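Residue numbers (this note's numbering): 903 to 989.
Note that CB positions come from ideal geometry on N, CA and C, so glycine has one too.
All values derive from a computational prediction rather than experimental measurement.
Right, here's the structure in full:
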């Protein structure tokens with residue numbers, strides 16, 4: 903019951919309904935209780951979505967890393983050549 907002090911019961915109920923509609927939990931009836939169980943199949947969609955974005959960000963960050971290496975090398979070459987013109 904750690905959330906009862908920080909969240910209202912209607913807010914908790916609303917969050918549970920969102921999780922249930924997303925297929926992440928299954929709510930059952932047991933007298934006046936409504937126990938919830940995690941639905942592993944629902945998390946597969948989440949895992950697939952996260953994996954898709956993981957691949958996207960890994961590729962993007964790899965390209966950024968290569969670009970930064972190139973820029974650093976160009977900057978070193980530019981600093982290495984001194985301006986020999988007379989002032």
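Do residue 939 and residue 928 have their beta-carbon atoms positioned less than 7 Å apart in this structure? As a first step, residue 928 is located in the chain shown; it is residue number 26 there, counting from the start. As a first step, residue 939 is located in the chain shown; it is residue number 37 there, counting from the start. Yes. Within cutoff.
Is DSSP giving residue 971 helix, strand or coil here? Start at 1 with the first residue of the chain shown, and residue 971 comes out as number 69. Helix at residue 971.
List the residues that DSSP assigns as beta-bridge partners of residue 884. Limits of the chain in this structure are 903 at one end and 989 at the other, which puts residue 884 out of reach.
Residue 939: first and last residue of the uninterrupted beta strand (DSSP E) it sits in: On the chain shown, residue 939 is found 37 positions in, with the first residue counted as 1. Where residue 939 is concerned, the enclosing beta strand (DSSP E) stretches over 938-940.
Please report how far the alpha carbon of residue 957 lies from the alpha carbon of residue 933, in whole angstroms. Taking the chain shown and counting its residues from 1, one reaches residue 957 at position 55. Taking the chain shown and counting its residues from 1, one reaches residue 933 at position 31. The straight-line gap from Cα to Cα measures roughly 46 Å.
For a quick check, are the C-beta atoms of residue 926 and residue 944 less than 7 Å apart? Your numbering for residue 926 matches position 24 in the chain shown. Your numbering for residue 944 matches position 42 in the chain shown. Contact: yes.
Using the DSSP secondary-structure output, state which residues sit across from residue 981 in a beta bridge. If you number the chain shown from 1, residue 981 lands on position 79. The partner list for residue 981 (beta bridge, DSSP) is empty, contrary to what the question assumes.
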